[in-house]
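> Read left to right, the sequence shown gives residues -22 to -1, 1 to 250 (mature numbering (1 follows the signal peptide of the UniProt record, and there is no 0)).
C-beta atoms are modelled at their ideal positions from N, C-alpha and C, and glycine is treated no differently.
Owing to the predicted nature of the structure, the values given are computational and were not obtained by experimental measurement.
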Amino acid sequence: MAFPLLAGLRRAAFALPLCALALNPAAAKVLATVNGVEITDADLAAAAEDVGSSLPKQMDDAARQKALLDYVIDVTLVNQKAVADKLDQTPEFAKKLAYFRQKLLMETYLAKVTKEGVTEAAEKQVYDDAAKAQKPEEEIHALHILVPTEDEAKKVEERLKKGEDFGKLADELSKDPGSKGGDLGWFTKDRMVPEFANVAFKTKPGDVSDPVKTQFGWHVIKVLDKRQKPFPSFAEVKAQVEHFVQQKVQSEAIMKLRDAAKITRTDEPAKK
């Protein structure tokens, strides 16, 4: 879980050597020393979590590691100079450090809550509830041929009545470059302009519509099939469900703490 504001503030006022963040100094590999201060692979891991996403995506692993090490060296150098200038002893720094501590503790606590609360059972419950709540919605699979004028649409209609293949005619004549063979795939009524949708959804599967005019030109529509719109499988939406559950778990944890706390604010009347 990332807090962009926290990351920015952390970079702006890093007062302790990065090596202090190492989780297991005894096992850490030393990558550089700066005025006697060791920089380890654990420091690079902390930096990668903090600023790694800002590095160009096309960088290979070696270039990424070099950039991170350069960054940690710079942070350590600036940190040493700031301490030498006693910038860590100012009231402003103390306030920022206290703020950072609270933010880091919040991040750590929410990570713990998320790890405990985001389970497959919770995700499947959210998925099942969403599936039950979906209202039945009809969708159709259709082809179309788009031409500029009504006369051209009527000529298309005549050729179809003589038995010519709809898809081949679409490739030959249709002005819609986005639908190969005129195939629009499956769609619900709200995805098309009303003039087109009203005719398409009244046409029976296997039938071809009369020419219909829209803002794009004249269409001849062939409906292939109709069905109730299926709900996506759990695997298809798992990433979205997981993100939703993460937000839900974190929000509920914060609201639970709010409900149990006594909070007074100067910007609004006190609540009984």
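If I'm right that K120 touches I199 with Cβ under 8 Å, what's the distance once you round it to whole angstroms?
According to the sequence as given, residue 120 is Ala; it is not Lys. Confirmed, Cβ separation roughly 6 Å.
> Mapping DSSP to helix, strand and coil, what is K7?
coil
> Inspect the beta-carbon positions of W196 and V125 and report whether they are closer than 7 Å.
Less than 7 Å divides the Cβ of W196 from the Cβ of V125.
> Starting from T92, follow the beta strand (DSSP E) in both directions and report where the run begins and ends.
Taken as a continuous stretch (DSSP letters only), T92 belongs to no beta strand (DSSP E), being part of the alpha helix (DSSP H) at P69 to G95.
> Using only alpha-carbon positions, find the residue among I118, T127, Q193 and S32 that is nearest to P172.
Residue Q193 is the option with its Cα nearest to P172.
> So, is D107 buried or exposed, given that buried needs 16 or more other C-beta atoms within 10 angstroms?
exposed
> What residues match up with H119 in a beta bridge as DSSP calls it?
W164 and D203
> Under three-state DSSP, which class holds L124?
strand
> Kindly give me the distance between the Cβ atoms of I118 and A148, rounded to whole angstroms, as I take these residues to be in contact under 8 Å.
Actually they do not touch by this definition, with Cβ atoms about 17 Å apart.
> For L(-18), which residues of its own chain have a beta-carbon under 6 Å away from its beta-carbon, when the five flanking residues on both sides are left out?
Bear in mind that the predicted position of L(-18) carries a pLDDT of just 28, short of 50, making it unreliable; the figure below should be weighed with that in mind. Here the set comprises nothing.
> Does the separation of the CB atoms of E101 and V223 fall below 7 Å?
Cβ atoms of E101 and V223: closer than 7 Å.
> Measuring only the C-alpha atoms, how far is A111 from F209?
Taking the straight line from one Cα to the other gives about 10 Å.
> Within the 7 Å Cβ cut-off, does T244 reach chain D?
Judged by its chain identifiers, the structure shown contains no chain D, having just a single protein chain.
> So, with DSSP's three-state summary, where would you put T54?
helix
> Look at L46 and A20 and say whether their C-beta atoms are less than 7 Å apart.
no
> Quick one: Cα of A(-3) to Cα of R243, how far?
Only weak support is given to the placement of A(-3): the predicted model assigns it a pLDDT of 42, under 50, and the value that follows is read from those uncertain coordinates. The straight-line gap from Cα to Cα measures roughly 37 Å.
> Where do the ends of the beta strand (DSSP E) carrying residue 272 lie?
Since the first residue of the chain shown is -22 and the last is 250, residue 272 is not available in this structure.
> Go ahead and label I17 buried or exposed: buried means 16 or more other beta carbons lie within 10 angstroms of its beta carbon, across all protein chains shown.
buried
> Determine the DSSP secondary structure at K226, reduced to helix, strand or coil.
helix
> With burial defined as no fewer than 16 other Cβ atoms inside 10 Å of the residue's Cβ, what is the status of N176: buried or exposed?
exposed
> With a threshold of 8 Å, are at least 3 pairs of Cβ atoms found where one atom belongs to the stretch 25 to 40 and the other to the stretch 76 to 86?
no
> For the alpha helix (DSSP H) holding V177, just list the boundary residues, first then last.
P172 to K180
> Compare the beta carbon distance of V96 and A231 with 7 Å and say whether it is the shorter of the two.
No; because the gap between Cβ atoms is not below 7 Å, this pair is not in contact.
> Put K146 into one of helix, strand or coil per three-state DSSP.
helix
> With V190 as the anchor, note down where its alpha helix (DSSP H) starts and where it stops.
For V190, there is no enclosing alpha helix (DSSP H); the enclosing beta strand (DSSP E) covers residues V190 to T192.
> Using the C-alpha atoms, what's the distance from L65 back to F71?
7 Å
> Out of G145, L151, V12 and K146, which one is the CA nearest neighbour of T127?
L151
> Below 7 Å CB to CB, which residues in the same chain sit around A10 once its five sequence neighbours on both sides are set aside?
So the qualifying residues of the chain are I17, L47 and I51.
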